[in-house]
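Numbering (the numbering used here), first residue to last: 1196 to 1420.
Where a beta carbon is used, it is the ideal one built from N, C-alpha and C, also for glycine.
No experiment lies behind these values; they were computed from the predicted model shown.
See structure below.
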Amino acid sequence: MMQRSLSASTSAEQEAPSIEGASTSDKRLPRIAIFASGSGSNFQAIVDAAQTDPEHFGAVVALLVCDKPGAYVLERAKAAGIQSAVYTPKQYENRELYEQDLLQRLQAEGIEWIVLAGYMRIITHVLLEAYPGKMMNIHPSLLPSFPGLHAVKQALDYGVRVTGVTVHLVDAGMDTGPILAQHVVQVEAGDTEESLSDRIHAIEHGLYPAVICDVLAGRLAPIRV
Ligand code: GRF
1196 MMQRSLSAST SAEQEAPSIE GASTSDKRLP RIAIFASGSG SNFQAIVDAA
1246 QTDPEHFGAV VALLVCDKPG AYVLERAKAA GIQSAVYTPK QYENRELYEQ
1296 DLLQRLQAEG IEWIVLAGYM RIITHVLLEA YPGKMMNIHP SLLPSFPGLH
1346 AVKQALDYGV RVTGVTVHLV DAGMDTGPIL AQHVVQVEAG DTEESLSDRI
1396 HAIEHGLYPA VICDVLAGRL APIRV
């Protein structure tokens, strides 16, 4: 892997580092890293949008960060020709040291935005300070309802008639950052966690790429920060 001594750019206007094999147009686009821990269906949806029409999407997916060796998302990245950085956080003394190591890689790759897509970790001040307002996450509920793990099950257990999807900026809390976009999904009688998750995933796959595109283009920002 080619290492570059670059710090993360702060503006989409700044020129991205030159990448072997990148097209001329790609070089002007901000470089994003997607963080994922599991299946990566959202990773796939974002990559599909980015690779189908890079100019319209407005960013290059330059890196997958995965904290679970063996996760299926790694196969998706390989198939899409996107490089992966695989970490085992347990091997670090603490979360900050893990993120410092990760940050070096992000900066070496000239990453300007971080997109969390099924990344099952709280982000520490190390990455938050390096990417202020430049990190987003997707969560399978209408936040602030049902944050954290098993959001679909939480909604079913509560008996709500509607749930949905939230895309938000990341802060130090668990699913607490400023909201960028939400989409309602109806709960149907007889829904199981699987059936409701399937409908939520289908919404996520359309919503997340569209939100990323709008945020990076400056067309979308939180109502309250
Ligand atoms: C999605 O439901 C997302 O909202 C949540 O984690 C899930 C990841 O699914 N943060 P996938 O790995 O993208 O299929």
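With C-beta atoms as the reference, is residue 1232 less than 9 Å away from residue 1396?
Translated into positions along the sequence shown, residue 1232 becomes position 37. Translated into positions along the sequence shown, residue 1396 becomes position 201. Not a contact, by the Cβ cut-off of 9 Å.
Practice prompt. Starting from the C-beta of residue 1266, find all residues in its chain whose C-beta is less than 8 Å away, skip the five residues before and the five after it, and write them out in chain order.
Written response: For this step, residue 1266 is matched to residue 71 along the sequence shown. 1231, 1232, 1233, 1234, 1235.
| request: Have a look at 1270, 1225, 1330, 1261 and flag the residue whose alpha-carbon is nearest the alpha-carbon of residue 1250. | output: Here residue 1250 refers to the residue found at position 55 of the sequence shown. With distances taken between Cα atoms, residue 1250 lies closest to 1225.
What are the residues that DSSP puts in a beta bridge with residue 1226? Here the question's residue 1226 lines up with position 31 in the sequence shown. According to DSSP, residue 1226 bridges with 1255.
TODO: Look at the alpha carbon of residue 1220 and the alpha carbon of residue 1244, and state the distance between them as a whole number of angstroms.
DONE: Against the sequence shown, residue 1220 aligns to sequence position 25. Against the sequence shown, residue 1244 aligns to sequence position 49. With a pLDDT of 47 at residue 1220, under the threshold of 50, the modelled position of this residue cannot be trusted; read the value that follows with caution. Using only the alpha carbons, I get a separation of about 16 Å.
Checklist entry - Taking the Cβ atom as the reference point for each residue, do residue 1336 and residue 1360 lie within a distance shorter than 9 Å? => result For the purposes of this step, residue 1336 is taken as residue 141 along the sequence shown, with counting starting at 1. For the purposes of this step, residue 1360 is taken as residue 165 along the sequence shown, with counting starting at 1. Contact: yes.
Any idea what DSSP makes of residue 1234, helix, strand or coil? As a first step, residue 1234 must be located in the sequence shown, where it is residue number 39. Of the three classes helix, strand and coil, the one that applies to residue 1234 here is coil, per DSSP.
What are the uninterrupted segments assigned as alpha helix (DSSP H) that are 4 or more residues long and contained completely in the segment 1292-1345, given in chain order? If we require 4 residues or more, the alpha helix (DSSP H) runs fully inside the segment 1292-1345 come out as 1320-1325.
Roughly how many whole angstroms lie between the Cα atoms of residue 1406 and residue 1298? As a position in the sequence shown, residue 1406 is number 211, starting the count at 1. As a position in the sequence shown, residue 1298 is number 103, starting the count at 1. In a straight line, the C-alpha of residue 1406 is about 24 Å away from that of residue 1298.
| request: Keeping to the same chain, check which residues put their C-beta closer than 8 Å to that of residue 1350; ignore five residues upstream and five downstream. | output: Looking up residue 1350 in the sequence shown gives position 155. Closer than 8 Å at the Cβ level, and outside the excluded window around residue 1350, lie 1336, 1340, 1341, 1358, 1382, 1391.
query = By Cβ distance below 8 Å, which residues in the same chain neighbour residue 1277 in space, the five residues on each side in sequence not counted?
reply = Translated into positions along the sequence shown, residue 1277 becomes position 82. Cβ neighbours of residue 1277 beyond the five flanking positions: 1242, 1256, 1257, 1258, 1259.
>> Just to confirm before moving on: does the CB-CB distance between residue 1228 and residue 1301 stay below 9 Å?
In response: As a first step, residue 1228 is located in the sequence shown; it is residue number 33 there, counting from the start. As a first step, residue 1301 is located in the sequence shown; it is residue number 106 there, counting from the start. In this structure, residue 1228 sits near residue 1301, with a CB-CB distance shorter than 9 Å.
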